[in-house]
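Residue numbers (this note's numbering), protein chains in the order written: chain P, 1 to 302; chain B, 1001 to 1354.
First the structure, in the form of structure tokens, and then the observations on it.
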Amino acid sequence: MSEERPEGLEERLTHEIASEFQAELDHPLDEADWARIKQEVKARLRAELARRKAEAERATPKEAEEYFVRFSLNVRAQHFVLAVGVLLLIFTGLPIKFHESVWAKYFFHVISLELSRLLHRVGASLLIGVGIWHMLYLLTTEGRREFRELLPRPKDLFDFLQNIKYLLGLSHERPKFGRFSYIEKFDYWAVYWGMVIMIGSGLLLWFHNLALGLFPKYVLDIAREAHSDEALLATLAIVIWHWYNAHFNPSVFPMSTTIFTGKISKKRMMEEHPLEYEQVMASSPPAPLPAEGEEKAEAEQP
Amino acid sequence: MKRLIVLLGIMGSLIVSSWPSFSQRDPNARCLLECHGKPDFKREVVPGQFKSLYVDYEQLKVSVHKEKLCVDCHTDVTAIPHQRRPEQIHCLQCHYQGNVVGAPVRERPEKYKESVHGKAFERGDPNAPDCKSCHTVHAVRPPTDPLSPVYKANIPKTCGGCHIEIYTEYVESVHGQALRNNVLESAVCSDCHREHDLFPPDDPRSSLHPQNVANTCARCHSDVKIMERRGVPVKQVEAFKKSFHGIAIEFGILKSANCTSCHGYHKILSSRDPRSPIHPLNLAQTCGQCHPNASDNVARGRFHIIPSDPEAGIVFWVSQFFKWLTISVLIGLFLHIAIDLYGRFRRAGGTSHE
């Protein structure tokens, strides 16, 4: 079945409706009649286009959608350990910061401070572990390549300004992001700041008996304050900023599975990382068959 | 007949001059006249050993019980002179909550039965104090009366009657010294140990249970008026509760330090006193009780700091840095999210999405 183009469809509909109207009326069509006809055409046209769109979507099964591999298994595993560690640290750390609150009292009533302390140190070990893991990862070819992509560049500043303009409607041009947008780069580098503060101060507090022999008391006081304050900043940044940009924003709400499956749809790839998309398409000609590769493989539907 | 009258008159004047504190019409006169009013009235407990049964009626007449009759308390005395030895009376006959005779029950004296003293008394410990050990027998005066053994300034001596060693420690302490200088708001035994509900420190009901120590000290040390008058910092308890020690105690790690772990208890001394465990030169040893590597480093820094208070020194500045960092970063992030949402919905609701 060959679908007619919307312009042709509009013409045909106008014709049909006009003759329907004429059949019911005993006088020639006047201006008021034409206005009603136009409205009717608009409504039918909209319904017809919506129907066609839904049909087209049904015709493309989800599994056959084109996707790219955005994150390697190594990166996904790192993120997973980091996420578990950080959540564990937040859950067992915040009740200490807000120990006067009712929920903190309830929390410690249920799991006891001793167990909470132990879990906090498990979380800390995961955090330190993934930190070391990431440093080693940066020595690998893949790690070095990803790191280069994550380095801040002047383009990020321009992208940021352009994006604000675009979002405010001051410009129609959307910034073209590469593999990592300035938002993702900010998240990546913010983790360095957080890791240095939290692990540094956390180790002093964990091994306070050792630290007391080495440093003046005020160093531990500073460590405690910094640990507590940076913890809140990091928690808010993750829960509000990171989760919004990665999961809660309207285009992927309620969550994006990319960081867990590694897959990103072609549509999102083109929208969110157009430069990377262009690069990938330029460097590797579209494979005719579903290819299984480590990086940026494509699964073409037949 | 005339001689008889003269004799009676002499006798009468003798009676009046020797027992001037009660009249024949005094309802207690019958107890006093022949027996308990006589200073040498006594009973032989064991052969050769006597117990005085004299009652200093003048003392009774200025006591809180001046309106009472002897038999109001000695209720088993139904005939005078009594044939049997009266039972020991108990103050709780009247001083229980809800009594109808109007006996004051300010501190719930029945708690005494649960206290260390009450338990010891129940076990039959001959040294265990009961009500009269502190309040005396017939000369009970209100705690506001400077002559009362439970008047604040007299309490250390009253308790010290049995707890002699602790008394000698206490008088050297800042609290003991202040009390000697007539500072009545200084802490005495009962301010920390309580009066009637006096429990051992491992009892959770005790005011000196590790989880309650800070609040016990806070009764005075968080009182701005008292502390300002004495020139003592007032935020120490609040700071302790925010510290790791305070939080650990709050949630049940009782081995964590409380006020007394560092400051001592009966012999609390100023940090300027070289004998004090919190004197800078002694801090390494004091902290070392729990923290094995504690060195003189522990004296380098302020104690009892509240990060939001400028007195916290460098910690205050660290806290300020993070406060403003957090505020400015979050304003930025929120703005970006708001602009992002605005942009997305504006374009979605607009003409078409390219």
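Quick reminder that beta carbons are idealized off the backbone N, C-alpha and C, glycines included.
Bear in mind that the values here come from a model prediction, so they are computed numbers and not experimental data.
Query: What residue from P/Asp159, P/Pro216, P/Asn249, P/Val81 has the CA that sits closest to P/Leu126's CA?; Result: P/Val81
Query: Using the C-alpha atoms, what's the distance from B/Ala1294 back to B/Phe1244?; Result: 17 Å
Query: Between the Cα of P/Arg268 and those of P/Ser251, P/Val280, P/Glu7, spot the shortest distance and give me the residue it belongs to.; Result: P/Ser251
Query: Shorter than 7 Å from the beta carbon of B/Ile1337 to some beta carbon of chain P?; Result: yes
Query: Select from B/His1266, B/Pro1200, B/Asn1215, B/Thr1260 the residue whose C-alpha is nearest the C-alpha of B/Cys1287.; Result: B/Thr1260
Query: Relative to the C-alpha of P/Ser116, which residue among B/Ala1312, B/Gly1264, B/Ile1253 is closest?; Result: B/Ile1253
Query: Note down the Cα distance separating P/Pro274 from P/Val280, rounded to an integer number of angstroms.; Result: 10 Å
Query: Taking the alpha carbon of B/Pro1307 as the point to measure from, which residue in B/Ile1166, B/Lys1242, B/Pro1274, B/Glu1044 has its own alpha carbon closest?; Result: B/Lys1242
Query: What three-state label does DSSP hand P/Phe180 in the structure shown?; Result: coil
Query: Comparing the C-beta of P/Pro302 with each C-beta of chain B, is any distance below 7 Å?; Result: Because the pLDDT at P/Pro302 is just 37, under 50, the model does not fix this residue reliably, and the point stays unresolved.
Query: Which residue wins for smallest C-alpha separation from B/His1193, given the options B/Ser1186, B/Asn1182, B/Leu1184, B/Ser1206?; Result: B/Ser1206
Query: Along chain P, in chain order, which residues have C-beta atoms closer than 7 Å to that of B/Ala1294?; Result: Leu212
Query: With DSSP collapsed to three states, give me the class of B/Phe1050.; Result: strand
Query: Can you check whether the C-beta of P/Lys217 is within less than 7 Å of a C-beta belonging to chain B?; Result: yes
Query: So is B/Thr1351 in contact with chain P if we call contact Cβ pairs under 7 Å?; Result: Per-residue confidence for B/Thr1351 stands at a pLDDT of 45, beneath the threshold of 50, marking its modelled position as unreliable; the derived number appears in the next sentence. Chain P, which has no Cβ nearer than 7 Å to the Cβ of B/Thr1351, makes this no.
Query: Is the CB-CB distance between B/Val1064 and B/Val1140 below 7 Å?; Result: yes
Query: Can you tell which of P/Phe108, P/Glu11, P/Ala23, P/Ile183 has the C-alpha that lies nearest to the C-alpha of P/Arg153?; Result: P/Ile183
Query: Within 10 angstroms of the Cβ of B/Pro1104, are there 16 or more other Cβ atoms? Answer buried if so, exposed if not.; Result: exposed
Query: Do the stretch 40-54 of chain P and the stretch 81-101 of chain P touch if we need at least three Cβ pairs shorter than 8 Å?; Result: no
Query: Taking contact to mean at least 3 C-beta pairs separated by less than 8 Å, is the stretch 230-240 of chain P in contact with the stretch 196-210 of chain P?; Result: yes
Query: Which stretch, first to last residue, makes up the beta strand (DSSP E) that contains B/Ile1089?; Result: Where B/Ile1089 is concerned, there is no enclosing beta strand (DSSP E), given that its DSSP letter is neither H nor E.
Query: What is the DSSP secondary structure of B/Ser1319, counted as helix, strand or coil?; Result: helix
Query: Following the continuous beta strand (DSSP E) through P/Ile264, name the residue where it begins and the one where it ends.; Result: 263-265
Query: Can you look up P/Phe68 in the DSSP assignment and give me helix, strand or coil?; Result: strand
Query: DSSP three-state call for B/Val1234: helix, strand or coil?; Result: coil
Query: Using 10 angstroms around the beta-carbon of P/Glu295, count the other beta-carbons present and answer buried if the total reaches 16, otherwise exposed.; Result: Any answer about P/Glu295 is weak, because its pLDDT of 43 lies below 50 and its placement is not dependable; what the coordinates show is given next. It counts as exposed.
Query: Is the shortest distance between the beta-carbon of P/Ile222 and the beta-carbons of chain B less than 7 Å?; Result: yes
Query: Using CA atoms only, rank isn't needed, just tell me which of P/Ile259, P/Ala18, P/Ser228, P/Gly178 is closest to B/Gln1320.; Result: P/Ser228
Query: Do P/Ser212 and B/His1291 have their C-beta atoms within less than 7 Å of each other?; Result: The sequence as given places Leu at residue 212 of chain P; Ser does not occur at that position. Yes.
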